[in-house]
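Residue numbers (this note's numbering): 439 to 684. Beta carbons are placed, not taken as given, at the ideal position from N, Cα and C, and that holds for glycine. Working notes, beginning with the structure itself.
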Ligand code: HEM
């Protein structure tokens, strides 16, 4: 096939209403020129990163709205918007798999062109890391403190599967999916550059493992093991077998 001909069609004229509204002219020139790619995997490498940035922009923007609705205790809006956030997070996880089709060698070639660039500089990721604390504060103020509720009550002693519980579970899902993204990203690194390698910043990849252990809302995870310990006291350290003593 005549590559040049198809490259031109791919870029589009940029003059039709659809193209103007979506700004395809700019969008499709956010990647290197076809002639400048260092190998056949570089377009994919750029596109996946750019798409992930767009999802993080949407997630961050949606979390700002969620914070407004938390303060209004508009739980229906909060839950609908959290569903949007969770789907976008799942897409981010799924889309990482595309890069598993890139060979280690092709990545090394691309890496030579990255300069000092590192995922740690991602604007989308950095903004999300700044948002979880204010979100927790809004939840705590408007769903717990204002009603004299605690995490223990909404999960255990006063459990009604009420609004505070539903919002807490949406927060936990956000936290869990964030950890899952970090885990899948780590698996991608195992596959592409190996775990022992130094990163572009010269620091070992192990810093990523610390990130994987980060919990945004530790209280929502602690309550689960507290409950297991608490409920466990009913049967002590060792339980009788279900079939009774033999
Ligand atoms: C083959 C592909 C990839 C490789 C080999 C890779 C490698 C790495 C490495 C070694 C780090 C450690 C920090 C550093 O080097 O400065 C890192 C961090 C990071 N990367 Fe990637 N990455 C890849 C793809 C992606 C993609 C697709 C995203 C999409 C958003 C991404 C986002 C990030 C983020 C956000 C961090 C900071 C993580 C944190 O602080 O927990 N990476 N990456």
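To the nearest angstrom, report how far apart residue i and residue j are at their CA atoms.
i	j	result
residue 582	residue 479	50 Å
residue 497	residue 676	45 Å
residue 568	residue 501	11 Å
residue 562	residue 673	47 Å
residue 507	residue 633	42 Å
residue 534	residue 621	11 Å
residue 439	residue 541	25 Å
residue 458	residue 587	51 Å
residue 574	residue 517	15 Å
residue 565	residue 612	15 Å
residue 556	residue 679	53 Å
residue 548	residue 477	8 Å
residue 558	residue 617	15 Å
residue 626	residue 658	28 Å
residue 667	residue 661	10 Å
residue 615	residue 656	14 Å
residue 644	residue 650	10 Å
residue 469	residue 486	11 Å
residue 598	residue 578	18 Å
residue 572	residue 654	11 Å
residue 570	residue 520	13 Å
Between which two residues does the alpha helix (DSSP H) holding residue i run?
i	result
residue 594	Neither: residue 594 is in no alpha helix (DSSP H) and is coded neither H nor E.
residue 543	542-549
residue 535	That residue, residue 535, is in no alpha helix (DSSP H); it is neither H nor E in DSSP.
residue 464	462-465
residue 448	441-449
residue 578	Premise fails: residue 578 is in no alpha helix (DSSP H) and is neither H nor E.
Since residue i and residue j should fall inside the 8 Å C-beta cutoff, what is the C-beta to C-beta distance between them, to a whole number of angstroms?
i	j	result
residue 513	residue 605	6 Å
residue 537	residue 483	7 Å
For a cutoff of 8 Å on Cβ pairs, would you count residue i as touching chain C?
i	result
residue 445	Absent here is chain C; the protein component of the structure consists of one chain.
Quick one: which unbroken beta strand (DSSP E) runs of 3-plus residues sit fully inside the segment 611-662? Chain order, please.
Runs of the beta strand (DSSP E) inside the segment 611-662: none found.
Quick one: which unbroken alpha helix (DSSP H) runs of 4-plus residues sit fully inside the segment 493-535? Chain order, please.
Fully enclosed alpha helix (DSSP H) runs of 4 or longer: 513-534.
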